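> In order, the protein sequences belong to chains A and B.
So the first sequence is numbered by our numbering: it starts at 6 and just counts up by one.
So the second sequence is numbered by our numbering: it starts at 830 and just counts up by one.
Just so you know, even glycine gets a beta-carbon here, dropped at the ideal spot from N, CA and C.
Keep in mind the model is a prediction, meaning the values are calculated, not measured.
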Amino acid sequence: MSENVHDRALKLVAEGRVEGLAQSESDWLDAHLQDCEFCNEHARQTDRALRALRTAAIPLPADLASRTQFRVRLRAMELREREPKRRMLWLACAASWIFGMASAPYVWRLFAWFGRISGAPKIVWEIGFGLWWTIPAAFAVIVMLVESTRQSEEPDWMKPGR
Amino acid sequence: MRNEMKSIARGLQKRDPDLLDRLIEQYQYRLFRYLLYITGDKARAEDFFQETWIRVLERGHQYDGKSRFEAWLFAIARHLVIDWQRTKKAQSLDALTDPEQETPMQIANESEPSPLHQVLAQESEQNVQASLGRIGAIYREVLVLRFQEELQIEEMAGVLNIPASTVKSRLYRGLEALRGALQEGAA
């Protein structure tokens, strides 16, 4: 038998265990293994090795699960404590935004009146009004940017769809 | 199966403590075995085991229930080990473990029995089991995922973040290494 035949047989032995073989290849291999003691022994060794891997017993450390459950519950408590703070932050942000929208006409008049009595140029009190009105929005944008920066720092494998 | 995956995803979204307890119980052996095989160190595998579940709690909302939970779990565990490797050696585990590179990662000095080797040897006096500890970590990893965890090649590619062709080539090399180690052990 040529060396190529044995090479093909050994390749198929591995392929059969890793990916599976087509019926024709499997038939060819079976026929070859019946005739060739060397390749047959190789196939037996491979099967023995895989059996050993499948049956290898690992001693599990004592209480590993309960220790982990305890740690996970503690961490869950910490996370739950943090949640109301974040909710409060968003509520405060939303409330100030709504208040800002509702009070804008009055505040505009207030700024105009203040500009008149102080003699400040129109552009100054207009900028002042703009700043006052955009503070909640700017704050919300900053919070969102911080959040998205934190998200983007996560490795790709942690993101959905991986 | 799909329903179970969806219910796990829903539970993780809500950080359901009972679900997490159940998952820890259910996957403890498989996860610990995987971590032991890739780190080669029992104490370190224990640390990574706990850390993996903390990550599952924190990032559970990112599991979408479309893929098998264990594949996602192993990916988390593996990347924790990689992050640790990066901080320790300022190199990625992938770079260290690429079979195309000259020196694949070896956890311990080859001339001495590795901690994994010792663990396996303690557990069984059979040479065949102890010889598993002598295989390169990357090969052990793919062999474990394929033949112990019975993940599909595509799932393994997702866990390892490498192309399916690389998974296959590692599997072939690993299988050969395993057979060789077995023969050596028997000799």
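V988 (chain B): buried (16+ other C-beta within 10 angstroms of its C-beta) or exposed?
Taking the first residue of the second sequence as 1, we reach residue 988 (chain B) at position 159. Counting Cβ neighbours within 10 Å, V988 (chain B) comes out buried, since at least 16 surround it.
> For a contact meaning CB atoms closer than 7 Å, what does E854 (chain B) contact in chain A?
By one-based count along the second sequence, residue 854 (chain B) stands at place 25. The answer, in chain order, is A70.
> Going by beta-carbon coordinates alone, are I63 (chain A) and F877 (chain B) separated by less than 8 Å?
Along the first sequence, read from residue 1 onward, the residue named residue 63 (chain A) stands at position 58. Along the second sequence, read from residue 1 onward, the residue named residue 877 (chain B) stands at position 48. No.
> Run through chain B and tell me which residues come within less than 8 Å of P126 (chain A), C-beta to C-beta.
What you label residue 126 (chain A) is simply residue 121 of the first sequence in a count that begins at 1. Here the premise fails: no neighbours, minimum Cβ distance about 52 Å.
> What is the DSSP secondary structure of S998 (chain B), counted as helix, strand or coil?
Within the second sequence, numbered from 1, the residue matching residue 998 (chain B) stands at position 169. Reduced to three states, the DSSP call for S998 (chain B) is helix.
> Hey, how far is the Cα of L115 (chain A) from the Cα of A142 (chain A)?
What you label residue 115 (chain A) is simply residue 110 of the first sequence in a count that begins at 1. What you label residue 142 (chain A) is simply residue 137 of the first sequence in a count that begins at 1. Taking the straight line joining both Cα atoms gives about 21 Å.
> Under 8 Å Cβ to Cβ from I905 (chain B), same chain only, skipping five residues before and after it: list those, please.
Translated into positions along the second sequence, residue 905 (chain B) becomes position 76. These residues qualify, in order along the chain: T881, R884, V885 and R888.
> One question on the structure: do F898 (chain B) and L974 (chain B) come within less than 8 Å of each other, judged by their Cβ atoms?
By one-based count along the second sequence, residue 898 (chain B) stands at place 69. By one-based count along the second sequence, residue 974 (chain B) stands at place 145. In this structure, L974 (chain B) does not lie closer than 8 Å to F898 (chain B) by Cβ.
> Are I853 (chain B) and Q74 (chain A) closer than 8 Å when you measure CB to CB?
The residue given as residue 853 (chain B) occupies position 24 in the second sequence. The residue given as residue 74 (chain A) occupies position 69 in the first sequence. Yes, the Cβ-Cβ distance between I853 (chain B) and Q74 (chain A) is below 8 Å.
> At what residues does the alpha helix (DSSP H) containing H890 (chain B) begin and finish?
The residue you call residue 890 (chain B) lines up with position 61 of the second sequence. Counting along the chain, H890 (chain B) falls outside any alpha helix (DSSP H), and DSSP gives it neither H nor E.
> In the DSSP assignment, find the alpha helix (DSSP H) that holds G840 (chain B) and state where it starts and stops.
Indexing the second sequence from 1 puts residue 840 (chain B) at position 11. Run containing G840 (chain B): R831 to Q842, per the alpha helix (DSSP H) assignment.
> Just verifying my parser: in three-state terms, what is the DSSP assignment at E984 (chain B)?
Sequence index remark: in the second sequence, residue 984 (chain B) carries index 155 (1-based). DSSP places E984 (chain B) in helix when its eight states are reduced to three.
> From the DSSP output, in three-state form, read off A27 (chain A) for me.
Here residue 27 (chain A) is taken as the residue at index 22 of the first sequence, counted from 1. Correct three-state label for A27 (chain A): coil.
> Where does the unbroken alpha helix (DSSP H) through G120 (chain A) begin, and where does it stop?
Indexing the first sequence from 1 puts residue 120 (chain A) at position 115. Residues L69 to S123.
> Return the chain-ordered list of same chain residues with a C-beta closer than 8 Å to the C-beta of L55 (chain A), the five sequence neighbours on each side being excluded.
Reading the first sequence from its first residue, position 50 is the one you call residue 55 (chain A). So the list reads R22, once near-sequence residues are dropped.
> Taking the alpha-carbon positions, what's the W138 (chain A) to A874 (chain B) distance?
Stepping through the first sequence from its first residue, residue 138 (chain A) is reached at position 133. Stepping through the second sequence from its first residue, residue 874 (chain B) is reached at position 45. Each residue's Cα considered, the two are about 54 Å apart.
> Indicate whether at least one CB of chain A lies closer than 8 Å to the CB of E970 (chain B).
Taking the second sequence and counting its residues from 1, one reaches residue 970 (chain B) at position 141. Output row for E970 (chain B): interface = no.
> Give every residue of the same chain whose Cβ lies closer than 8 Å to the Cβ of Q50 (chain A), excluding the five residues on either side of it in the sequence, and list them in chain order.
Walking along the first sequence from the start, residue 50 (chain A) turns up at place 45. Closer than 8 Å at the Cβ level, and outside the excluded window around Q50 (chain A), lies no residue.
> Take R969 (chain B) and list the residues in its own chain whose beta-carbon comes closer than 6 Å to its own, dropping the five residues that flank it on each side.
For the purposes of this step, residue 969 (chain B) is taken as the residue at position 140 of the second sequence. The answer, listed in chain order, is Y866.
> In the stretch 984 to 997 of chain B, which residues sit with their C-beta less than 8 Å from some C-beta in chain A, listed in chain order?
Going along the stretch 984 to 997 of chain B in chain order, one finds G987, N990 and K997 with a Cβ nearer than 8 Å to chain A.
> Counting Cβ pairs, one atom from each stretch, are 3 or more of them under 8 Å apart for the stretch 993 to 1007 of chain B and the stretch 32 to 50 of chain A?
Output reads no: the stretch 32 to 50 of chain A does not touch the stretch 993 to 1007 of chain B.
> Specify the secondary structure class of I63 (chain A) as computed by DSSP and reduced to three states.
Reading the first sequence from its first residue, position 58 is the one you call residue 63 (chain A). Note: I63 (chain A) maps to coil in three-state DSSP.
> Just checking my contact of L1007 (chain B) with L58 (chain A) at CB under 8 Å: how many whole Å lie between their CB atoms?
Here residue 1007 (chain B) refers to the residue found at position 178 of the second sequence. Here residue 58 (chain A) refers to the residue found at position 53 of the first sequence. L1007 (chain B) to L58 (chain A), Cβ: 6 Å. Contact.
> Using the beta-carbon count (16 or more within 10 Å), is E1013 (chain B) buried or exposed?
Here residue 1013 (chain B) corresponds to residue number 184 of the second sequence, with the count starting at 1. The residue in question, E1013 (chain B), is exposed, as its Cβ has fewer than 16 Cβ neighbours within 10 Å.
> So with Cβ pairs under 8 Å, would you call Q1013 (chain B) a contact of chain A?
As a working note, residue 1013 (chain B) is residue 184 in the second sequence. This sequence places Glu at residue 1013 (chain B); Gln is not what is there. No, E1013 (chain B) does not count as interfacial toward chain A.
> Does E979 (chain B) come out as helix, strand or coil in the three-state DSSP assignment?
Looking up residue 979 (chain B) in the second sequence gives position 150. Coil, per DSSP.
> Can you name the residues of chain A whose CB is closer than 8 Å to the CB of D870 (chain B)?
Within the second sequence, the letter at position 41 stands for residue 870 (chain B). Result: empty, since nearest Cβ-Cβ is about 12 Å, beyond 8 Å.
> Taking the alpha helix (DSSP H) that L860 (chain B) falls in, what are its first and last residues?
The residue you call residue 860 (chain B) lines up with position 31 of the second sequence. Run containing L860 (chain B): P846 to T868, per the alpha helix (DSSP H) assignment.
> Look up G133 (chain A) in the DSSP assignment and say whether it is helix, strand or coil.
The residue labelled residue 133 (chain A) in the question sits at position 128 within the first sequence. G133 (chain A) falls in the helix class under three-state DSSP.
> In this structure, does DSSP put N990 (chain B) in helix, strand or coil?
Indexing the second sequence from 1 puts residue 990 (chain B) at position 161. DSSP places N990 (chain B) in coil when its eight states are reduced to three.
> Does DSSP put I964 (chain B) in a helix, a strand or coil?
As a first step, residue 964 (chain B) must be located in the second sequence, where it is residue number 135. In the structure shown, I964 (chain B) sits in coil (DSSP, three-state: anything other than H, G, I, E or B).
> Who are the near neighbours of K835 (chain B) in its chain, counting only those whose CB is closer than 8 Å to its CB and skipping five residues on each side?
The count along the second sequence starts at 1 and reaches residue 835 (chain B) at position 6. Within the same chain, K835 (chain B) has close Cβ partners G894.
> Let me see if you follow: with CB-CB separation under 8 Å, is R844 (chain B) close to chain A or not?
Within the second sequence, numbered from 1, the residue matching residue 844 (chain B) stands at position 15. Yes - at least one Cβ of chain A is within 8 Å of the one on R844 (chain B).
> List the residues of chain B that P66 (chain A) touches, going by C-beta distances under 8 Å, in chain order.
As a first step, residue 66 (chain A) is located in the first sequence; it is residue number 61 there, counting from the start. Near P66 (chain A) (Cβ distances below 8 Å), the residues of chain B are F861, K871 and E875.
> Can you find the residues in the same chain that come closer than 8 Å, C-beta to C-beta, to A117 (chain A), ignoring five residues on each side of it along the sequence?
Counted from its first residue, the first sequence places residue 117 (chain A) at position 112. For A117 (chain A), where only same-chain residues beyond five positions count, the Cβ hits under 8 Å are W130.
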